[in-house]
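The structure appears right after this line, and notes come after that.
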Amino acid sequence: MSPATDCNPKVEIPSGPAERLAAQLSSMLPEAAVVQVRLQGPRTLWPHLGLTAVNARGRTLRIPRAKALTIARWIIRSFPQAGWAASGGHAFDLRTAELRGLEA
């Protein structure tokens, strides 16, 4: 018998921290395509973490508060250079592992 090279296909493992975070969040939020994080909520004047998960069709997904706060903290800690305090928030695309600013 000759060894088959395609018997055990290798699973692609994300290489960078952003890719690993996107993979982990995709497993936690299987329907989500983009996660939006804000430090200041729309109805508060003081810092208050806000997270909105959006699917590929642009619909908002319902996320339990504890899970939303945990995910928001993970994203903020993964991208400390993003200037969270000065911005209106950021969107983390789970498909491409890219962080971009939210349009106000």
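So the sequence shown is numbered by numbering that gives the first Met the number 0: it starts at 0 and just counts up by one.
Virtual Cβ for every residue (Gly too), placed ideally from N, Cα, C.
Checklist entry - Quick one: what's got a C-beta closer than 6 Å to Ala90's C-beta in the same chain, skipping five residues either side? => result Correct list, in chain order: Val33, Gln35, Arg99 and Leu101.
Checklist entry - Straight-line CA distance for Leu24 to Val53? => result Inter-residue distance for Leu24 and Val53 is about 13 Å (C-alpha atoms, whole angstroms).
Next on the checklist: Quick check on the burial criterion: 16 or more other C-beta atoms within 10 angstroms. Buried or exposed for Gly88?
Outcome noted: Buried: at least 16 other Cβ atoms inside 10 Å.
Next on the checklist: For a quick check, are the C-beta atoms of Leu50 and Leu38 less than 8 Å apart?
Outcome noted: No.
Item to check | Identified DSSP bridge partners for Leu98 | outcome: Per DSSP, Phe91.
Next on the checklist: Taking the straight line between their C-alpha atoms, what separation do you get for Thr59 and Ala31?
Outcome noted: Per the coordinates, the alpha-carbon of Thr59 lies some 9 Å from the alpha-carbon of Ala31.
Checklist entry - Nearest CA to the CA of Ala55: which residue from Pro29, Ala65 and Arg64? => result Taking only the C-alpha atoms, the option nearest Ala55 is Pro29.
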